[in-house]
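See below for the structure under consideration.
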Amino acid sequence: TRLRCDWSSDVCSSDLLGIFANRSNTIIEGFTFRNFQTWHHSTGVDIRAENVIVRNCKAWNCSSGFIFADSSVKCRVENCRVDDCGTGVRSVGKDSDIIDSQFFKRRDRFIVPTYQQGDSGIIYYGASGKCLVRGNLVRGFHNAIFLKTSGDYTAEHNTILEIGRASCRERV
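Just so you know, we're using this note's numbering here: the sequence shown kicks off at 300 and counts up by one.
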């Protein structure tokens with residue numbers, strides 16, 4: 300299954316989430332998601348299946364840009380951009396990769412509220428398996444890459460700028 304947006308499209312709402320991806324072997328490509336912050340797990344894309352790819356998408360002003368739920372397996376976010384979200388990508392799924400993406404947060408009076416640990420460009424929390432974090436740019440979050448679980452992680456060739464407290468943390 301392929302969901303593709305070839306024109307300038309905004310999925311803009313005050314609803315819970317933009318796309319609920321509960322179908323395996325799906326590609327979500329070229330969408331922009333704005334203003335999903337009804338709840339602390341509101342997101343542009345909520346991934347809950349196997350082999351889902353989110354590619355060339357943008358999330359702005361959401362609680363989380365993208366979420367890998369605990370039922371997601373072998374999923375990937377690639378070449379995406381997240382601006383001014385509480386969390387860039389939150390993963391509690393297994394074998395999830397985050398590749399060649401950009402995560403920006405301006406710390407101004409319009410900041411999306413989140414708790415300190417959730418204020419992360421990339422966060423792995425829960426059963427993670429084998430994960431790859433490569434070629435990403437993270438700027439302005441309290442934590443750039445936060446690993447709060449045991450797993451087989453490869454984090455390489457990432458650029459981290461203007462982080463509030465720590466650049467890459469692991470906590471098991």
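Glycine included, every Cβ here is placed at the ideal spot set by N, Cα and C. This structure is a prediction, so every number in the text was calculated from the model and none was measured.
(request) Would you decide whether Q336 is buried or exposed? Buried here means 16 or more other CB atoms lie within 10 Å of its CB. (result) Position 37 of the sequence shown, counted from the start, is the residue given in the question as residue 336. Buried, by the Cβ-count rule.
(message) Rounding to the nearest angstrom, what Cα-Cα distance links H453 and R433 in this structure?
(response) Translated into positions along the sequence shown, residue 453 becomes position 154. Translated into positions along the sequence shown, residue 433 becomes position 134. Rather than His, the amino acid found at residue 453 in this sequence is Thr. In a straight line, the C-alpha of T453 is about 8 Å away from that of R433.
(request) Taking K404 and D383 to be in contact with their CB atoms under 8 Å, please state how far apart those CB atoms are, rounded to whole angstroms. (result) The residue you call residue 404 lines up with position 105 of the sequence shown. The residue you call residue 383 lines up with position 84 of the sequence shown. Contact between K404 and D383 is confirmed by a C-beta separation of about 6 Å, below the 8 Å threshold.
(message) Please classify Y423 as buried or exposed, where buried requires at least 16 other C-beta atoms within 10 Å of its C-beta.
(response) Taking the first residue of the sequence shown as 1, we reach residue 423 at position 124. By the neighbour-count criterion, in which a residue is buried when 16 or more other Cβ atoms sit within 10 angstroms of its Cβ, Y423 is buried.
(request) Name the residue from G385, T448 and R375 whose alpha carbon lies nearest to the alpha carbon of P412. (result) Residue numbering aside, residue 412 sits at position 113 when the sequence shown is read from its first letter. When only C-alpha atoms are compared, the closest one is G385.
(message) Report the start-end ranges of each beta strand (DSSP E) in the segment 417 to 469 that is 3 residues or longer and not cut off at the edges.
(response) Secondary structure in the segment 417 to 469: the beta strand (DSSP E) runs of 3 residues or longer, each lying completely within the stretch, are 419 to 424, 429 to 433, 436 to 438, 442 to 447, 451 to 455, 458 to 460 and 465 to 469 in chain order.
(request) Following the continuous beta strand (DSSP E) through V376, name the residue where it begins and the one where it ends. (result) Taking the first residue of the sequence shown as 1, we reach residue 376 at position 77. Note, V376: beta strand (DSSP E), R375 to E377.
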